[in-house]
Amino acid sequence: MILETERLILRDFREADAPAYQEVCSYQDFQRFYSEEEGDPETLKKRVAMFIDWTKETPRSKVQLAIELRSGVLVGSCGVRTVSMEDRQGTFGCELGTIFWGKGYAFEASRALIQYGFSDLRLHRIYAETISENLPAISLAKKLGLQTEGEFRENKWFRGRWWHTIVLSILESEWKQ
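Numbering (our numbering), first residue to last: 737 to 913.
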């Protein structure tokens with residue numbers, strides 16, 4: 737699968753992407769919102785293999801695409817994953833290497849994936865959950881039109897402490913506006 741935006745190519749992952757994906761996920765600013773295990777190179781390699789396995793699903797219900805500059809540089813990933821076909825609910829996430837922050841790439845890629853979620857996956861509601869201290873992710877979600885639904889207090893334990901998480905969502909009818 738390939739989605740193209742003005743500056744980006746969003747495509748299915750390939751095995752050869754594992755080293756570049758590990759580099760994207762290795763930046764200290766990026767890693768502060770993830771557990772130590774999630775930054776482990778072997779874990780990241782397995783994650784890429786999982787993304788590749790999702791491409792074999794028919795029909796597809798989970799899509800995690802590599803975000804690539806038109807020059808061929810992998811800068812992150814973005815995905816929409818159906819969590820309930822009956823309720824037409826999906827979860828959304830975008831991750832970008834911190835050296836690529838502030839250039840609008842996450843917004844551009846996310847718009848394309850959310851559009852795909854509503855048009856192709858036929859979702860009714862798409863939501864994102866993130867650590868409440870992850871202000872760049874919350875800002876991105878709000879720019880995309882997601883609204884805060886609530887905050888879960890101290891529901892994630894990692895890096896030696898409890899973290900709050902926030903859930904934001906957008907409905908198909910809101911996206912169309």
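We treat Cβ as the ideally placed atom computed from N, Cα and C, and that holds for glycine. None of these values were measured; they are calculated from a predicted model.
Task: DSSP-derived helix/strand/coil call for LEU871 - done: LEU871 falls in the helix class under three-state DSSP.
Task: Helix, strand or coil at GLU818 according to DSSP, with G and I counted as helix - done: The identity of residue 818 in the sequence shown is Thr, whereas the question assumes Glu. The DSSP-derived three-state label of THR818 is strand.
Open item on the list: My parser needs the beta strand (DSSP E) runs of 3 or more residues fully inside the segment 796–847; what are they?
Closed with: For the beta strand (DSSP E) assignment, the uninterrupted runs of no fewer than 3 residues enclosed by the segment 796–847 are, from N- to C-terminal side, 798–805, 810–820, 825–832.
Task: Where the beta strand (DSSP E) through LYS892 begins and ends - done: Run containing LYS892: 883–894, per the beta strand (DSSP E) assignment.
Open item on the list: Suppose contacts are defined by Cβ-Cβ distances below 8 Å. Is LEU810 in contact with ALA756 by that definition?
Closed with: Taking 8 Å as the Cβ cut-off, LEU810 and ALA756 qualify as a contacting pair.
- [ ] Could you round the C-beta distance between CYS814 and ALA845 to whole angstroms and report it? I think they count as a contact, below 8 Å.
- [x] Confirmed, Cβ separation roughly 4 Å.
TODO: Keeping to the same chain, check which residues put their C-beta closer than 6 Å to that of VAL816; ignore five residues upstream and five downstream.
DONE: Leaving aside the five residues that flank VAL816 on each side, the residues in its chain whose CB is nearer than 6 Å to its CB run, in chain order, VAL799, GLY826, PHE828, LEU849, GLY853.
Task: Counterpart residues of ALA756 in DSSP-defined beta bridges - done: Answer by DSSP bridge pairing: none, since ALA756 is not bridged.
Open item on the list: Considering just the uninterrupted stretch of the alpha helix (DSSP H) at LEU746, what are its terminal residues?
Closed with: Per DSSP, LEU746 lies in no alpha helix (DSSP H); the unbroken beta strand (DSSP E) holding it starts and ends at 744–748.
Task: Same chain only: Cβ atoms within 7 Å of LYS782, ignoring 5 sequence neighbours per side - done: No residues qualify anywhere along the chain.
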